[in-house]
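Student: Structure incoming, see below.
Residue numbers (the working numbering), protein chains in the order written: chain U, 1 to 187; chain S, 1 to 187.
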């Protein structure tokens, strides 16, 4: 039996990723930090001088249907590609109103109205993505999404975010921070 | 913003509920215990002489559609009714094959094929129910479902379980324990 993978994003003054920018899109920001490490496992040791740490867990799909899973699987690539030296960590929280919706109502806003999966598909395989669920862990965010891409694809990644943030789904987002990172060439 | 409620079920030799029976339906059982307490909050103090404890979190609906939410809401009653002196705690785990299914595939098995919501509706308001999600917490079970009912409804509750366990959804259940309880009249 597979146990869902727990991941901790710990920011401070050391780590394999250098923080190059933080944009607070909506809601309160996070304390400043210069580097980030990504730790896998349920109870990782906290790194020294930790400014903040956020936890999430990789879980089953919540909205994605079989045809969409197959389309994503056929096009997406994994994390840690050599050329994907740039990354983004986007912690996000949705409103109580979102979570009070029924499953079919959330699905309709997510895909039929906002085309979240469809828009994401257009940016594969350039952008690799991993979603971590945090809401059930009692964390300050509901999701932590991690993206990796080569520097020449950062403009396309930015364009994708503009489209998603303009969608009806984003009316339910009440906290979002966009953290950009560069893989430390020394590590 | 509402944080999902964390609940711990701690079994040992004291607690507001007396354990009257344990049936291991599939998979390994749990260590013996005579009483159970239900603790709410993220990090409750462990009671003395704890034999086992299971944690879950009350989260958003995963399969229930708006019409079903409305039907359930109009008929169901809450926990802690005076006459509901009997309870059942049913920890359950599903297979990796279940979790690898896409959202629409799981929904089809859950309701269109197995009528999980529809069967449950027939036993409202006699049986009150609260679902706790455990999979994302790294727990040995995926769900902990808590039921409360008056003694004269226990036979109906048993009949409901027989129907659910005969459904296609249960082909994906690889661990299930049925723990029956009686509210301690002294507490």
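We put the CB at the ideal spot given by N, CA and C, even for glycine.
CB-CB under 6 Å to residue 138(U), same chain, minus the five flanking residues each way: which ones, in chain order?
Tutor: Within the first chain, numbered from 1, the residue matching residue 138(U) stands at position 138. Counting only Cβ-Cβ distances below 6 Å, and skipping sequence neighbours, we find nothing.
Student: Looking at residue 91(S): is its Cβ nearer than 7 Å to the Cβ of residue 54(S)?
Tutor: For the purposes of this step, residue 91(S) is taken as residue 91 along the second chain, with counting starting at 1. For the purposes of this step, residue 54(S) is taken as residue 54 along the second chain, with counting starting at 1. It is a contact, given that the beta carbons lie within the stated cut-off.
Student: Just checking: is the beta-carbon of residue 104(S) within a distance shorter than 7 Å of some beta-carbon in chain U?
Tutor: Translated into positions along the second chain, residue 104(S) becomes position 104. Judged by the 7 Å Cβ criterion, residue 104(S) is in contact with chain U.
Student: List the residues of chain U whose Cβ lies closer than 7 Å to the Cβ of residue 99(S), in chain order.
Tutor: The count along the second chain starts at 1 and reaches residue 99(S) at position 99. Neighbours of residue 99(S) on chain U, chain order: 60.
Student: Any contact between the region 125 to 136 of chain S and the region 145 to 163 of chain S? By contact I mean 3 or more CB pairs, one from each, below 8 Å.
Tutor: Segments in contact, yes.
Student: Please name the residue, chosen from 133(S), 25(S) and 122(S), that lies closest to residue 144(S) on a Cα-to-Cα basis.
Tutor: Locating residue 144(S) in the second chain gives position 144, where the first residue counts as 1. With distances taken between Cα atoms, residue 144(S) lies closest to 133(S).
Student: Return the first residue and the last residue of the beta strand (DSSP E) that residue 21(U) is part of.
Tutor: Looking up residue 21(U) in the first chain gives position 21. Start and end: 17 to 26.
Student: From the DSSP output, which residues share a beta bridge with residue 177(S)?
Tutor: Your numbering for residue 177(S) matches position 177 in the second chain. According to DSSP, which records beta bridges pairwise, residue 177(S) is partnered with 24(S).
Student: Is the CB of residue 42(U) under 7 Å away from at least one CB in chain S?
Tutor: By one-based count along the first chain, residue 42(U) stands at place 42. Answer yes: the Cβ-Cβ gap between residue 42(U) and chain S drops below 7 Å somewhere.
Student: Going by other Cβ atoms of all chains shown within 10 Å of its Cβ, with 16 needed for buried, is residue 61(U) buried or exposed?
Tutor: In the first chain, the residue the question calls residue 61(U) occupies position 61. Buried, by the Cβ-count rule.
Student: Whose C-alpha, out of 82(U), 1(U) and 34(U), is nearest the C-alpha of residue 51(U)?
Tutor: Indexing the first chain from 1 puts residue 51(U) at position 51. It is 34(U) whose Cα lies nearest to the Cα of residue 51(U).
Student: Going along the chain, which residues of its own chain have a beta-carbon closer than 8 Å to the beta-carbon of residue 14(U), five neighbours each way excluded?
Tutor: Counting from 1 along the first chain, the entry for residue 14(U) is found at position 14. Excluding sequence neighbours, residue 14(U) sits near 35, 37, 47, 48 and 49.
Student: Could you check where the beta strand (DSSP E) with residue 215(U) kicks off and where it finishes?
Tutor: Since the first and last residues shown for chain U are 1 and 187, residue 215(U) lies out of range.
Student: One question on the structure: do residue 117(S) and residue 68(S) come within less than 7 Å of each other, judged by their Cβ atoms?
Tutor: Reading the second chain from its first residue, position 117 is the one you call residue 117(S). Reading the second chain from its first residue, position 68 is the one you call residue 68(S). For residue 117(S) and residue 68(S), yes; Cβs fall inside 7 Å.
Student: According to the neighbour-count rule (16 or more other Cβ atoms, all chains shown, within 10 Å of its Cβ), is residue 2(U) buried or exposed?
Tutor: Indexing the first chain from 1 puts residue 2(U) at position 2. Residue 2(U) should be labelled exposed.
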